[in-house]
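To start, the structure itself, in structure tokens.
Number of protein chains: 2
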Amino acid sequence: MSLQHALLGLLTLQPSCGYELTKAFEDDIGRYAWQAGHTSIYPELNRLAGAGLVEVTHEGARGSRTYAATPEGRAELRRWLMEPPPQAKVRNEMVLRLFLISALDRDDALELLRGIADQTAESATELRRIRAENGPPTIGSPVGFGLLAAEFGLRQYEAVHGWAQWAIEQISAADQPAAAADSAPSAR
Amino acid sequence: MSLQHALLGLLTLQPSCGYELTKAFEDDIGRYAWQAGHTSIYPELNRLAGAGLVEVTHEGARGSRTYAATPEGRAELRRWLMEPPPQAKVRNEMVLRLFLISALDRDDALELLRGIADQTAESATELRRIRAENGPPTIGSPVGFGLLAAEFGLRQYEAVHGWAQWAIEQISAADQPAAAADSAPSAR
DNA sequence: GCGCGCATGTAAAGCGTTACATGATTCG
DNA sequence: CGAATCATGTAACGCTTTACATGCGCGC
Numbered sequence: 000m001s002l003q004h005a006l007l008g009l010l011t012l013q014p015s016c017g018y019e020l021t022k023a024f025e026d027d028i029g030r031y032a033w034q035a036g037h038t039s040i041y042p043e044l045n046r047l048a049g050a051g052l053v054e055v056t057h058e059g060a061r062g063s064r065t066y067a068a069t070p071e072g073r074a075e076l077r078r079w080l081m082e083p084p085p086q087a088k089v090r091n092e093m094v095l096r097l098f099l100i101s102a103l104d105r106d107d108a109l110e111l112l113r114g115i116a117d118q119t120a121e122s123a124t125e126l127r128r129i130r131a132e133n134g135p136p137t138i139g140s141p142v143g144f145g146l147l148a149a150e151f152g153l154r155q156y157e158a159v160h161g162w163a164q165w166a167i168e169q170i171s172a173a174d175q176p177a178a179a180a181d182s183a184p185s186a187r
Numbered sequence: 000m001s002l003q004h005a006l007l008g009l010l011t012l013q014p015s016c017g018y019e020l021t022k023a024f025e026d027d028i029g030r031y032a033w034q035a036g037h038t039s040i041y042p043e044l045n046r047l048a049g050a051g052l053v054e055v056t057h058e059g060a061r062g063s064r065t066y067a068a069t070p071e072g073r074a075e076l077r078r079w080l081m082e083p084p085p086q087a088k089v090r091n092e093m094v095l096r097l098f099l100i101s102a103l104d105r106d107d108a109l110e111l112l113r114g115i116a117d118q119t120a121e122s123a124t125e126l127r128r129i130r131a132e133n134g135p136p137t138i139g140s141p142v143g144f145g146l147l148a149a150e151f152g153l154r155q156y157e158a159v160h161g162w163a164q165w166a167i168e169q170i171s172a173a174d175q176p177a178a179a180a181d182s183a184p185s186a187r
């Protein structure tokens with residue numbers, strides 16, 4: 000189970016309470032890497048605390064508990080990261096959709112691919128805008144999670160965009176003898 | 000649950016028995032999009048058959064049943080693909096590992112990133128070799144699943160490779176004024 | 001003081017993986 | 001005829017999601 004290590008990583012980067020971790024899983028990490036709800040996170044924090052991998056460093060208002068990774072926790076995270084990954088387990092509904100496009104007929108496939116190309120282009124533009132706003136990576140700072148994630152997301156969108164455009168060309172060329180630059184998105 | 004639609008898609012592309020579908024989930028689809036074992040697939044095929052979305056078209060040796068998508072099944076697949084995706088659910092251990100690298104100290108992070116950059120470069124080279132062997136996409140053919148998947152995988156590896164190299168540059172430049180191979184990963 | 005958001009939890013249902021299990025067929 | 005592969009299934013366990021539930025604090 001990777002949730003454990005995700006929490007270890009987040010708590011190594013910054014002490015947080017369960018609620019803050021829950022929100023983190025709704026941002027970058029949830030969008031690109033791993034998702035988890037608070038009902039998974041709280042019990043897991045208790046388990047990790049029981050195992051001595053994290054500890055409560057502060058108790059605040061509304062019964063909030065701020066956790067931080069212990070040295071043992073950071074060691075476990077490092078061990079997990081540095082060991083060769085078994086064979087990455089993937090479950091990505093978006094990619095599944097992309098692949099199954101080949102089961103559609105030509106017109107549907109092209110319509111869908113054009114939609115994907117548009118959306119990924121938009122998302123990439125949005126991320127570039129955000130990056131520009133935040134200015135160049137602060138020199139001397141530790142190159143944090145957010146920066147890595149944003150750049151990853153940008154390149155991911157660009158890759159899918161490029162793939163979609165390639166697929167559109169392939170499918171357009173596949174079985175279309177001479178039909179002019181048709182303006183007919185066709186039926187449907 | 001997306002397994003249902005994955006099966007619908009595969010059976011639209013080509014009638015197959017459960018065993019063949021199981022193998023398909025060990026190849027491209029399992030590597031990039033969705034994984035499933037035979038213990039999920041067989042019961043799901045029965046459910047789909049009960050719902051009239053697939054049907055047994057042939058019974059062969061060893062009690063094998065060849066399934067194919069019915070018109071209703073293809074309609075359901077199309078409906079699912081064409082409707083706007085809710086918000087793609089992702090669970091990708093590899094990406095999680097990439098993100099958590101920021102929780103490591105500089106030397107570990109660089110070591111890991113170099114490993115990733117090497118591996119992704121290798122995988123990309125391998126896919127390019129396979130593509131070259133298979134020759135150019137057959138003109139006139141429907142641009143199948145395998146071709147889409149291979150190109151996607153290639154672009155995916157290239158994207159991760161580029162990201163890893165970018166990350167290496169960022170981290171190398173981040174906090175290294177002139178300090179030689181400093182042995183002080185700093186406090187934490 | 002009232003509403004919204006912070007903060008944490010339990011319980012049940014659904015889904016997937018692992019382990020266990022069985023039998024037929026082909027190939028050497 | 002024995003081993004590997006084809007082909008399908010059941011059962012238990014574990015993780016995730018969904019639904020249900022509670023209470024405190026801050027801002028208007």
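Residue numbers (numbering that gives the first Met the number 0), protein chains in the order written: chain A, 0 to 187; chain B, 0 to 187.
Glycine included, every Cβ here is placed at the ideal spot set by N, Cα and C.
In the DSSP assignment, A68/A falls within the unbroken beta strand (DSSP E) covering R64 to A68. DSSP places N133/A in the coil class of the three-state scheme, outside both helix and strand.
Using a 10 angstroms sphere on the CB of T11/A, the tally of other CB atoms reaches 16 or more, which defines it as buried. Within the same chain, Cβ atoms closer than 8 Å to the Cβ of L153/B are found at A123, L126, R127 and R130, the five residues on either side in sequence being excluded. Between the C-alpha atoms of A23/B and A149/B there is a straight-line separation of about 14 Å.
Residues of chain A with a Cβ closer than 9 Å to the Cβ of P84/B are, in chain order, E92, M93 and R96. Just so you know, the alpha carbons of N133/B and V55/B end up roughly 33 Å apart. The Cβ of F144/B sits closer than 8 Å to at least one Cβ of chain A. In this model, I167/A and L109/A are separated by some 6 Å (Cα to Cα). Excluding sequence positions up to five before and after E75/B, its CB lies within less than 7 Å of the CB of L7 and L52, all in the same chain and listed in chain order.
Of all C-beta pairs linking the region 29-48 of chain A to the region 65-79 of chain B, fewer than three are shorter than 8 Å, placing the two stretches out of contact. DSSP places V159/B outside any beta strand (DSSP E); the residue lies instead in the alpha helix (DSSP H), whose first and last residues are F144 to A173. Residue-level contact by beta carbon fails for M0/A and chain B, as no gap is shorter than 8 Å. Among the residues of the region 98-113 of chain B, those with a Cβ less than 9 Å away from any Cβ of chain A are F98, L99, I100, S101, A102, L103, D104, R105, D107, A108, E110 and L111, in the order of the chain. Check the Cα spacing between H4/A and each of W33/A, Y18/A, D27/A and D26/A: the tightest is with W33/A. Within chain A, the residues L95 and L99 have their CB atoms less than 8 Å from the CB of H4/B, given in chain order. In summary, the residues of the region 30-53 of chain A whose CB is separated from some CB of chain B by less than 9 Å are R30, Y31, A32, W33 and Q34, in the order they occur in the chain. Within chain A, A102 have C-beta atoms less than 7 Å from the C-beta of T11/B, given in sequence order. At a cut-off of 8 Å between C-beta atoms, R130/A does not count as an interface residue with respect to chain B. Taken through DSSP and simplified to helix, strand or coil, S39/A comes out as helix.
With 16 or more neighbouring CB atoms inside 10 Å of its own CB, H160/B falls in the buried class. Per the Cβ contact rule, the region 93-113 of chain B is not in contact with the region 111-120 of chain A (fewer than 3 Cβ pairs under 8 Å).
The C-beta distance from S101/B to G62/A rounds to 30 Å, too long to meet the 8 Å contact threshold.
The beta-carbon distance between E92/B and S1/A, rounded to whole angstroms, is 5 Å. This is short enough to meet the 8 Å contact definition. For the pair Q169/A and F151/B, the Cα-to-Cα distance works out to about 13 Å.
Looking from the CA of I28/B, the closest CA among V89/A, L147/A and W165/A belongs to V89/A. Cβ neighbours of S39/A within its own chain (closer than 8 Å, five residues either side excluded): L2. Counted as a single uninterrupted DSSP element, the stretch harbouring E58/A is not any alpha helix (DSSP H) but the beta strand (DSSP E) occupying residues V53 to E58.
When C-alpha distances from D26/A are compared across S15/B, H57/B, F98/B and A158/B, the shortest belongs to F98/B. Neighbourhood of E121/A in chain B, by CB distance below 9 Å: empty, with the nearest CB roughly 14 Å away.
Between the C-alpha atoms of D117/A and G59/A there is a straight-line separation of about 45 Å.
Residue range E92 to L99 is occupied by the alpha helix (DSSP H) that includes R96/A.
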